[in-house]
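For what it's worth, my numbering labels the leading residue of the sequence shown as 42, then goes sequentially. Ideal Cβ positions, reconstructed from N, Cα and C, are used throughout, including at glycine. Here the structure is a predicted model, which is why all the values come from computation and not from measurement.
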Amino acid sequence: MIGAIDVRDLVGRYGTWKSEQVSGTIDDLATELAGLSEDTPVSGELVLESLAEGILASGRLQGALSLRCARCLKEFEQGFSVELRELFVPFPHEDSDEYPLDPEGFLDPDQMMRDAIGVELPFAPVCRPDCRGLCARCGGDLNLGECTCTEADIDPRWDGLEALLHEWNQLTGDQAPERGPERTGKG
Ligand SMILES: [Zn+2]
Ligand SMILES: [Zn+2]
């Protein structure tokens with residue numbers, strides 16, 4: 042949880058600014074294979090600047106993502122760093138991308154951080170570019186040589202399939218001429 046930032050000293054005083062350290066956790070921000078690391082808080086420094094329209098928050102956040110490899114399902118962590126630059130206004134327009142600024146003079150960066158980090162979550166993380174994944178037959182990790190399937194295990198299946206294909210080709214091949222112009226000889 043990252044609390045709201047007190048910006049009462051900035052509101053209405055255009056041109057003034059201050060910087061604020063933020064650090065904390067953000068709950069329930071995860072996809073099937075990616076989320077925020079529970080061990081590493083999100084942290085960063087925000088510069089808050091008073092403008093006529095509201096408060097401009099900019100800065101950079103860093104933290105760690107907890108990911109599961111889409112190929113081998115291994116869990117791993119990966120650092121991230123994301124840049125922010127968002128405007129907080131008292132009454133954001135519905136279809137604008139501005140964030141609400143509490144009229145009392147508090148700015149809650151939670152939703153902004155969620156949005157910024159959310160787009161960093163990969164749909165299909167891979168533990169390393171050349172991850173070989175799991176064997177589709179035995180489920181063994183091919184990176185660790187866990188697969189016990191041998192060529193001999195696989196060959197008979199292919200043989201069977203090949204024979205079937207051959208049979209099928211012959212069948213359809215034989216039938217093909219009969220599907221030509223239908224002349225039943227009754228003419
Ligand atoms: Zn992997
Ligand atoms: Zn295998």
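Just to check my reading of the structure: residue i and residue j have Cβ atoms closer than 8 angstroms, yes? What is that Cβ distance to the nearest angstrom?
i, j, result
"P133", "Y140", "6 angstroms"
"L185", "G174", "At roughly 11 angstroms, the Cβ-Cβ gap does not stay under 8 angstroms, so L185 and G174 are not in contact."
"I46", "L162", "Contact doesn't hold; Cβ gap of about 25 angstroms is too wide."
"V167", "C110", "6 angstroms"
Any idea which residues DSSP pairs residue i with across the strands?
i, result
"Y140", "F129"
"E73", "E73 is not bridged to any residue."
"F121", "G104"
"G65", "V83"
"L148", "I46"
"D182", "L175"
"S91", "I96"
"S78", "Note: S78 sits in no beta bridge, so no partner."
Buried or exposed: residue i, going by 16 or more other Cβ atoms within 10 Å of its Cβ?
i, result
"E73", "exposed"
"P144", "exposed"
"E118", "exposed"
"T170", "Position check: residue 170 holds Pro in this sequence, whereas Thr was assumed. Exposed."
"L142", "buried"
"M153", "buried"
"C180", "Checking the sequence, you will find Gly at residue 180 rather than Cys. Counting Cβ neighbours within 10 Å, G180 comes out exposed, since fewer than 16 surround it."
"E2", "The chain is shown from 42 up to 228; residue 2 falls before or after that span and cannot be answered."
"C190", "exposed"
"A217", "Any reading at A217 needs caution, since the residue's pLDDT is 42, under 50, leaving its predicted position unreliable; the model's value is listed next. Its Cβ having fewer than 16 others within 10 Å, A217 is exposed."
Tell me which residue opens and which closes the alpha helix (DSSP H) that residue i is part of.
i, result
"G159", "D151 to G159"
Report task. Entirely within the region 93-118 and at least 4 residues each: give me those alpha helix (DSSP H) ranges in chain order. Result -> You should have found no qualifying run.
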